[in-house]
Each structure stands twice: as structure tokens, then as C-alpha cells.
């Protein structure tokens with residue numbers, strides 16, 4: 011098998027470490043460099059325990075990315091959005107393909123960035139070229155031919171997997187959709203602040219960034235693409251006292267004349283040939299434990315008639331926020347871009363590194 015030279019920038023973050031772990035077992039790639047200001051000068055094995063050729067690599071500073079990437083076919087950016095905004099254009103100009111795990115190129119509307127990400131978008135032309143990389147719901151041919159793939163966010167992945175098939179089938183009314191989701195602490199990234207310290211997080215569950223989370227426009231964009239029109243949305247994230255995983259509960263109303271069995275049929279039809287999305291019989295079967303350490307999503311829907319709220323539909327989904335919500339999905343996209351079988355290095359189950 012031909013091996014492609016690959017680099018990983020932001021390799022000391024949780025998603026970056028997961029990328030290195032997956033790529034270390036990928037038969038079709040040769041990881042040439044890993045970049046991290048935090049761990050500059052130390053080997054991957056010392057910091058993560060990853061062995062082999064990847065483990066022997068020494069972290070270079072992020073500022074050395076362009077020099078280190080010479081000869082690479084593709085580069086992963088597991089960096090903050092503003093760093094990706096600087097690096098992606100430079101890498102693309104040098105003929106490399108980029109899979110960006112930040113939010114820098116996910117939103118098609120550049121006007122959304124100041125409000126939701128806190129900066130003016132300075133590479134607007136690339137927004138039109140970037141392909142949103144959720145393979146089960148996006149044209150795979152577009153991903154395969156893309157030079158720049160915007161890897162979806164974790165909450166948006168969980169929400170889109172649950173809702174887009176129902177919207178595409180025209181099963182939901184025009185009423186607002188409500189998504190309540192809860193994530194493990196790794197979703198906030200590797201940071202040392204009081205709010206995410208053990209004593210603050212343990213034995214507690216709390217909402218955060220209510221009505222102002224940066225993933226809200228991305229979720230709305232995915233739902234609108236599925237519906238073919240704007241979708242009203244309320245998204246509320248919650249912090250769980252666990253390391254990783256997301257459980258998302260979406261509530262909507264069936265459109266007039268839609269049978270109660272139609273949503274389950276739509277989910278099964280959408281994912282019948284998608285081995286990385288598991289459709290379960292009932293929402294009660296969906297759990298974080300079912301998907302943590304795997305590249306898969308789990309989803310189920312209930313439309314049981316209720317005298318209290320007739321026509322209500324509830325869709326529950328779960329993913330590992332660091333895998334299907336980040337690193338494994340990024341490798342899934344890279345596999346499509348390089349012509350490898352989509353699940354190369356992703357199955358059997360990946361396990362966990364933290």
C-alpha cells in the first residue's frame with residue numbers, strides 16, 4: 011500500500027493525541043511531523059505512550075509547521091480556529107490538502123464569525139471551497155476531491171446524525187427544534203482553569219454558554235441544509251463530570267399527516283449502509299458508554315403518542331466527542347481524500363487513551 015506523508019498540528023490537545031494514536035496504526039500514512047508549542051522538544055512516546063515510528067517523533071513548535079510540512083501530502087490542524095485560519099491558506103498554497111478540526115471553515119457565512127468565534131474571517135474565499143466533512147450526510151465525492159475539509163464539531167455531529175434524515179424526509183413541522191446535549195469535560199479542550207478543575211466538575215451537572223454556544227450556528231446550518239430551508243433551533247449544552255462522550259436529546263414535532271412510524275423508518279433507511287452509525291430500537295438503548303472509544307454514533311427515535319403533547323418526536327444520539335466528534339471523523343475524511351477504504355485504522359473499536 012502506498013504511504014502518504016502526513017503531519018499533525020496541535021498534536022498535544024486531546025483531539026491531536028487521538029489523531030496520533032489512530033494514525034500510528036494506519037497502514038497507508040507516514041506521519042512525518044507533529045507540532046505542539048506545549049510539548050516542543052519531547053517525543054510523542056514520552057508524552058502519550060504511543061509507540062512505533064509516531065512515538066519516536068519529537069514535537070516541533072507550531073511556528074515550524076510550514077518548514078516541517080515540506081513533502082507532506084496532507085496536514086491535520088487540531089488547532090484553535092484563529093490558528094487554523096492562518097495555517098490553512100499557507101498549507102493549501104503549498105499544494106497540501108488540509109483537514110481542519112477547528113471551526114475556522116465550518117460556517118458558510120463569514121458574517122457569523124465575529125459573533126460566534128470572536129474574529130473577522132480573513133480567508134473568505136476558502137469558505138466557498140471548504141467541504142463540510144460528515145461523510146454519512148455529505149456527498150462523499152465532494153469530500154474525496156476536496157483540498158480543504160472542515161471537520162464538524164462534536165455537538166453538531168451528534169445533532170445532525172439524529173435530525174437530518176428526518177428533515178430530508180420532510181417529517182418535521184416548522185416549529186422550533188430543541189436540542190439538549192451533554193458532554194464530558196474533554197469537550198472543552200486541554201485547559202487548566204477553575205471551572206474545569208476536579209472539585210468544580212465532580213458530582214455536578216450544569217449548563218454552559220446558554221443561547222450563545224459557538225456550535226449553534228453550525229447545528230442550524232446542518233439542519234437547514236437537510237431541510238432545504240432555515241430551521242428554528244434552541245441548543246443548550248451541559249457539562250458532565252466524565253472525561254468524554256456526548257449524549258444529545260433532540261425534540262421536534264411531526265408534520266401534519268406523518269405517521270408515528272415514519273421517523274424510525276427514515277433513520278433506518280438513511281443509515282442502512284452506514285456501518286459507523288448504529289440505529290437502535292429505542293432511545294433508552296442509546297448511551298455514552300455504547301459509543302465511547304469507538305468511531306461510531308448511536309441513534310434512536312421515539313414517537314409514542316402522548317396525551318400530554320401529541321405529535322412530539324424525540325431523537326437521542328451519542329458519540330465519543332474526541333473520536334466521531336473529532337479525530338476518527340477526521341481520519342474518516344482523510345481516508346476518502348486519499349482513496350483508502352473509509353474505515354481504515356478506525357475499526358475494530360479504537361479504545362480510549364484518557
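Numbering (this note's numbering), first residue to last: 11 to 364. All residues carry an ideal CB built from backbone N, CA and C; glycine is no exception.
- Within the stretch 298 to 325, the complete beta strand (DSSP E) runs of at least 3 residues fall at 307 to 312.
- With 16 or more other Cβ atoms from the protein chains shown falling within 10 Å of its own Cβ, residue 334 counts as buried.
- A Cβ-Cβ separation of about 4 Å places residue 303 in contact with residue 362 under the 8 Å criterion.
- Contact between the stretch 313 to 332 and the stretch 266 to 282 is present, with at least three C-beta pairs closer than 8 Å.
- Here residue 352 carries a coil assignment [DSSP, helix/strand/coil].
- For residue 192, the closest C-alpha among the options 209, 219, 143 and 255 is that of 255.
- Taking 4 residues as the shortest admissible run, the stretch 72 to 132 contains the following complete alpha helix (DSSP H) segments, listed from N- to C-terminal end: 75 to 78, 91 to 103 and 122 to 126.
- The alpha-carbon of residue 341 is positioned some 11 Å away from that of residue 25.
- Listed as beta-bridge partners of residue 245 by DSSP are 189.
- Burial check for residue 12: the Cβ neighbour count within 10 Å stays below 16, so the residue is exposed.
- Beta-bridge annotation (DSSP): residue 17 is paired with 43 and 85.
- In chain order, 102, 107, 108 and 139 place their CB closer than 8 Å to the CB of residue 157, counting only its own chain and leaving out the 5 sequence neighbours on each side.
- In the structure shown, residue 212 adopts coil according to DSSP, grouped into three states.
- Taking 8 Å as the cut-off, the beta carbon of residue 91 is found closer than this to the beta carbon of residue 113.
- Collapsing the DSSP output to three states places residue 60 in coil.
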